[in-house]
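Protein chains in written order, with our numbering: chain V, -15 to 184; chain Y, -15 to 184; chain W, -15 to 184; chain H, -15 to 184.
Please read the structure below before turning to the comments.
Protein chains: 4
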Amino acid sequence: MAALSKGRPRSERAKNAILNSTYRLLKENGLSGITMEAVAAHASVGKPTIYRYWKNANELAMAAIMAKTKQHDPDSPGTDPVNALKQQLRSVISTFSKPAGRQIAILMASADNNTELSKAFRNQIILRSRDQGRALLIAAIEDRHIRVNVPQKRVSARIETMLDMIYGPVFYRLLSGHATLDKKFADEIIDTLTGSTAEE
Amino acid sequence: MAALSKGRPRSERAKNAILNSTYRLLKENGLSGITMEAVAAHASVGKPTIYRYWKNANELAMAAIMAKTKQHDPDSPGTDPVNALKQQLRSVISTFSKPAGRQIAILMASADNNTELSKAFRNQIILRSRDQGRALLIAAIEDRHIRVNVPQKRVSARIETMLDMIYGPVFYRLLSGHATLDKKFADEIIDTLTGSTAEE
Amino acid sequence: MAALSKGRPRSERAKNAILNSTYRLLKENGLSGITMEAVAAHASVGKPTIYRYWKNANELAMAAIMAKTKQHDPDSPGTDPVNALKQQLRSVISTFSKPAGRQIAILMASADNNTELSKAFRNQIILRSRDQGRALLIAAIEDRHIRVNVPQKRVSARIETMLDMIYGPVFYRLLSGHATLDKKFADEIIDTLTGSTAEE
Amino acid sequence: MAALSKGRPRSERAKNAILNSTYRLLKENGLSGITMEAVAAHASVGKPTIYRYWKNANELAMAAIMAKTKQHDPDSPGTDPVNALKQQLRSVISTFSKPAGRQIAILMASADNNTELSKAFRNQIILRSRDQGRALLIAAIEDRHIRVNVPQKRVSARIETMLDMIYGPVFYRLLSGHATLDKKFADEIIDTLTGSTAEE
DNA sequence: ATCTAAGCGAGACGGTACGTCACGTCTTGGG
DNA sequence: CCCAAGACGTGACGTACCGTCTCGCTTAGAT
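Given below as structure tokens:
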């Protein structure tokens, strides 16, 4: 049977207040605004309550971002897969070119990869878009819009590499800043992937 | 016409001791080990001396990394440019797959992009390899190992995008950790770039 | 006519467990070991149960000491009253020269004098010995072992002062520590009281 | 030669501000008002500065009391020593019957006897009056106002016991509260000491 | 050969935030 | 209505670093 929970149950109100305050402070002051003291004061919550759920400010920030981030589902059902891929990449770029994008990158770079929360964070924030992209990429390959000149048994590995080459440039520009991260870049990337084989 | 400097000149000894201590602490304890207090104590230096040169711990860490990082010059002179590209990408991957790689990513993500030092850091740590890669990529294109099916006037833009697609995946895997960052990955990336056009 | 008590009656088991745990913690860690949390955990009792009986840690400590302290009754029946007085003062000194003695002094100094419990504590811990001493002192005076050269109507006031001068030095040395608090001191005090009048 | 002091010297201003604030908070809120946070805020001083000088709130309180307590020197030069003794005892009683008196008792009871500061505190607050009293008592004995019927070699021990019997009752009443601590009590004590030997 | 101004190691300064502890209260399910 | 359990908001703890400031002492070009 389920374990009996003794004692006063944890307060959903407190947890929500903490996440809301964290998110708000994150938007207002960036990552450095996320101090346990500030969050506690802003959420009218005791510091120990925060520590009961998250063990440091990084985890708290990741949790708040995860809680608030919309799960932007794929919304272009019947279109051409290559266009859909462009569309989706534009959306990813749009997310990460905002100030929050850099903070998310800091969080991911700083996170202890072994905790459940940081895995979940990466999964939700990064890999979700990658999974969506994979479906579109496979469709594009099946439709012969993108060619994969490798033996059948290595196709799926090649697909993964292509996904890295689609989304990787976003983070490259985010970190390095050698060029602007805008929506045209999405088209450029997909065109490079397809266009090198295109007769036109 | 140089400004006449009165008073005691700044001490090279102190500056070197600071950079050495910073680098050592960085290796031993990671970025969180770089506190002004620890560096000052370790280098037997006053805190104000550190602040005279660098305005916070991030800048100090970047300076120490820059000072210690070998300028690994292109060493494969006459080889096939595609192989040279693979070789160089392997070298980049080797650098960033070490623990320091993650710390460098944190530094770049956290850095204030407007300071000279952070520009120099990005330039030395990231863009240098990109510049080397560009030369090799151009050679590969001229040798027809890699095809670029775009009008002449857009070739150079396409080359930049290709560079993003070569180096970007490294940082993508570094941040996201969805797959290992090893040397085979270098080959995969270059193969994807060439192979999609390869007749074979 | 007793008020009808509805609901579950208070648990003697819980009360005893609390007092036992308090006393044990007091011996092990001193007064600072008496925290409501520690006592509750040690006694497997809810904190509100403790608060139902005692309103703070001081009261709890006093209650535990009172519950555990033996009511050392006068055991020397037929002896010479002066000797009996010495004997009893030795016993008092023996009690207060132990580590607990200092803690009792802290408790008394810290206690809110207006509560019933702190009155009871003082009564049991301090005034009981004083009352025993008074009986012996009166006997000694009646036997002319101790002289009181004051008018009859002021005799009882003088006796009270003498009692203060018998027991007071114990606490003086306890607090001030200018000299050891040992059993010889008992004899010295009583001798000073009697001896000054003794012709030799 | 004197040790060279390196670094910025400690600030007398800060130290004084801390002691003043501590004393003020002590008068306003008693011992429980002496929190490091409150003192730091009130004195406009960082908490670490307080810890640089005193290792806990008790030590701080003792230091503040010592700093502020006037060294009330013996002021009655030519009078009869027995009267002078009464006068001095009244002064002691007056000090300890104020609210601060109880707090001083708590401090002394709580203090770690092994530190220099707590020794100094006891010395200044308690033993100073005892030393003054000893001089007066010796004078009174030499003047035959007080008799000591013991062999010469035990006279000084007897004097110490008498001092304990003079000042001890003050702390006895302070802790136990079985009777009021007022100036009449001073006369009663001295009268008991002399009167028992007085022929009258 | 002084003078003088900046740099030096050292370390105290006023602060901010940390992560923990205990407080006294409240809220569960169960007796 | 009491009980054990344990979460709650609160507030103080003692510590770590921050970035600045003051010391006495070099150090070296200008006087």
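The C-beta atom is built at its ideal place from N, Cα and C for all residues, glycine as well.
None of these values were measured; they are calculated from a predicted model.
Item                                                                                                                          : Value
Pairwise C-alpha distance: R131(V) and R186(V)                                                                                : This structure cannot speak to residue 186(V), because chain V is shown only from -15 to 184.
Sequence-distant residues of its chain with Cβ nearer than 8 Å to S180(V) (five each side left out)                           : Only weak support exists for where S180(V) lies, its pLDDT of 47 falling under 50; the coordinates are left without a value.
Below-8 Å beta-carbon distance, Y37(Y) vs any chain V residue                                                                 : no
Selection of the segment 86 to 97 of chain W by Cβ proximity to chain H, strictly under 7 Å                                   : R86, A89, I90, M92, A93, S94, N97
H26(W) - DSSP class collapsed to helix/strand/coil                                                                            : helix
Beta-carbon contacts of A182(V) that lie in its chain and below 6 Å, excluding the five residues immediately before and after : Residue placement at A182(V) cannot be trusted, given a pLDDT of 40 that sits under 50; the coordinates are not used to answer.
Neighbouring residues, chain H, relative to I77(W) (Cβ below 9 Å)                                                             : Chain H residues near I77(W): none, gap ~12 Å exceeds 9 Å.
Per-residue contacts from R106(V) into chain Y (C-beta, under 7 Å)                                                            : S160, G161
Environment of R128(Y) [buried if 16+ CB atoms lie within 10 Å]                                                               : exposed
For D166(V), three-class secondary structure by DSSP                                                                          : coil
Backbone CA spacing between M149(Y) and Y7(Y) [nearest angstrom]                                                              : 31 Å
Closer than 8 Å to chain H by CB, D148(W)                                                                                     : yes
Any chain Y beta carbon closer than 8 Å to L111(V)                                                                            : yes
Residue closest to I2(W), alpha-carbon to alpha-carbon, out of K31(W), N13(W), S140(W)                                        : K31(W)
Listed by chain order, chain Y residues near R157(V) by CB distance under 8 Å                                                 : D148, G152
Residue from E12(Y), L15(Y), K(-10)(Y), V23(Y) whose Cα sits closest to the Cα of K(-1)(Y)                                    : V23(Y)
Partner residues on chain H for I174(W), Cβ-Cβ distance less than 7 Å                                                         : Those do not exist, as I174(W) stays about 10 Å from chain H at its closest Cβ, beyond 7 Å.
CB of A93(W) within 8 Å of CB of A41(H), strictly                                                                             : no
R142(W), buried or exposed, once every other Cβ within 10 Å from all chains shown has been counted against 16                 : buried
Cβ-Cβ separation, L121(H) to L69(H) (assumed contact under 8 Å), whole Å                                                      : 6 Å
Assigned exposure category for G152(W) - 16 Cβ within 10 Å defines buried                                                     : buried
Cα-Cα separation between P135(Y) and A48(Y), rounded to whole angstroms                                                       : 44 Å
In chain order, each alpha helix (DSSP H) run of at least 4 residues that lies wholly inside the segment 58 to 104 of chain V : 65 to 80, 83 to 94
Whole-number beta carbon distance between E43(Y) and L111(Y), since they are thought to touch under 8 Å                       : Not a contact, Cβ separation roughly 18 Å.
Proximity below 8 Å, CB of G14(W) to CB of Q87(W)                                                                             : yes
Classification of A170(Y) by the beta-carbon crowding that lies within 10 angstroms, buried from 16 upward                    : buried
Contact list for R8(Y) against chain V, beta-carbon separation under 7 Å                                                      : Result: empty, since nearest Cβ-Cβ is about 21 Å, beyond 7 Å.
P83(V) classed as buried or exposed, judged by whether at least 16 other C-beta atoms fall within 10 angstroms                : exposed
Separation of T19(Y) from I18(V), as counted between CA atoms                                                                 : 20 Å
Close beta carbons around L177(W), own chain, < 8 Å, minus the five adjacent residues each side                               : I130, M146, M149, I150
Proximal residues, the segment 17 to 37 of chain H versus chain W, C-beta separation under 8 Å                                : none
Test: Y53(W) CB closer than 8 Å to a CB of chain H                                                                            : It should be noted that the sequence gives Thr, not Tyr, for residue 53(W). No, T53(W) lies away from the interface with chain H (no Cβ there is under 8 Å from its Cβ).
Where E12(Y) falls, given that 16 or more other Cβ within 10 Å makes a residue buried                                         : exposed
Reduced DSSP category for N0(V) - H, G, I as helix; E, B as strand; rest coil                                                 : helix
Buried/exposed call for E21(W), threshold 16 Cβ in 10 Å                                                                       : exposed
Start-to-end residues for the alpha helix (DSSP H) that takes in I34(Y)                                                       : 31 to 37
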